[in-house]
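To keep things clear, I will list the structure first and then write my remarks on it.
In the UniProt record's numbering, the protein residues as written are 1 to 222.
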């Protein structure tokens, strides 16, 4: 099968995507900022490259010959790290570099992992703007992520992109079931929504192997 390049292959989502892609017979190139910190990826038969998701030229060189790309990069490891070092333009710069770099490499499909806080709530606003549902101290990260979505939406590009947004509660220890439900750009009803990282990876790979949604955002949940 064709090759997939995974940006952010060292994180929990990136590792799950890499494992699912390998299980389906895809060749995988994993791009990480520091390969020395992620020796386990290479052991799975993945070609690991040092790279930066904001480096358009590097993306073009690394992605050539692949059929699709996955953007699973986060500039932070988690809220506990704080947001003092957050570049508010990170996701915009990444969107620009990916769309132009992948177009140069003639890679036609890009699947981006979205953020639950940027879905619409029942009032038509965004989850991140509801202080009862989303901690204000994390809002700078959500705003930066939403700016990346807006850049994807505003850019004329030959790259067929899709943002796949999981629930806020992603379970790393939960098993792969191969089942998930697809929603739109709004939160899918009341109550906590869950999904395993493994099933998020299933959803992403399904959209690579058999694309059903194009230049839009969807949500996925168990």
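By construction, the Cβ of each residue, glycine as well, lies at the ideal position given by its N, Cα and C atoms.
Just how far apart, CA to CA, sit residue 30 and residue 201?
Each residue's alpha carbon lies about 15 angstroms from the other.
What residues match up with residue 48 in a beta bridge as DSSP calls it?
30, per the DSSP bridge assignment.
Kindly indicate which three-state DSSP category residue 145 falls into: helix, strand or coil?
Correct three-state label for residue 145: helix.
Out of curiosity, what's the CA-to-CA distance linking residue 205 and residue 195?
C-alpha separation (whole angstroms): 15 angstroms.
Alpha carbon to alpha carbon, what distance is there between residue 217 and residue 185?
Going from the Cα of residue 185 to the Cα of residue 217 covers about 6 angstroms.
Identify the residues that DSSP records as bridge partners of residue 170: which are they?
Answer is 195.
If you run the structure through DSSP and keep just helix, strand and coil, what is residue 165?
Reduced to three states, the DSSP call for residue 165 is strand.
Do you know offhand how far residue 176's Cα is from residue 20's?
Approximately 10 angstroms between the Cα atoms of the pair.
Is it buried or exposed, residue 56, if we count other Cβ atoms within 10 angstroms and call 16 or more buried?
It is buried - the Cβ of residue 56 has at least 16 other Cβ atoms within 10 Å.
If I follow the unbroken alpha helix (DSSP H) through residue 101, where does it start and stop?
Its alpha helix (DSSP H) spans residues 90–105.
Which whole-angstrom value describes the C-beta separation of residue 1 and residue 22, a residue pair presumed to lie in contact below a C-beta threshold of 8 angstroms?
Not really, about 10 angstroms apart at Cβ, beyond 8 angstroms.
Under the rule that 16 or more other beta-carbon atoms within 10 Å means buried, what is residue 36, buried or exposed?
That one is exposed.
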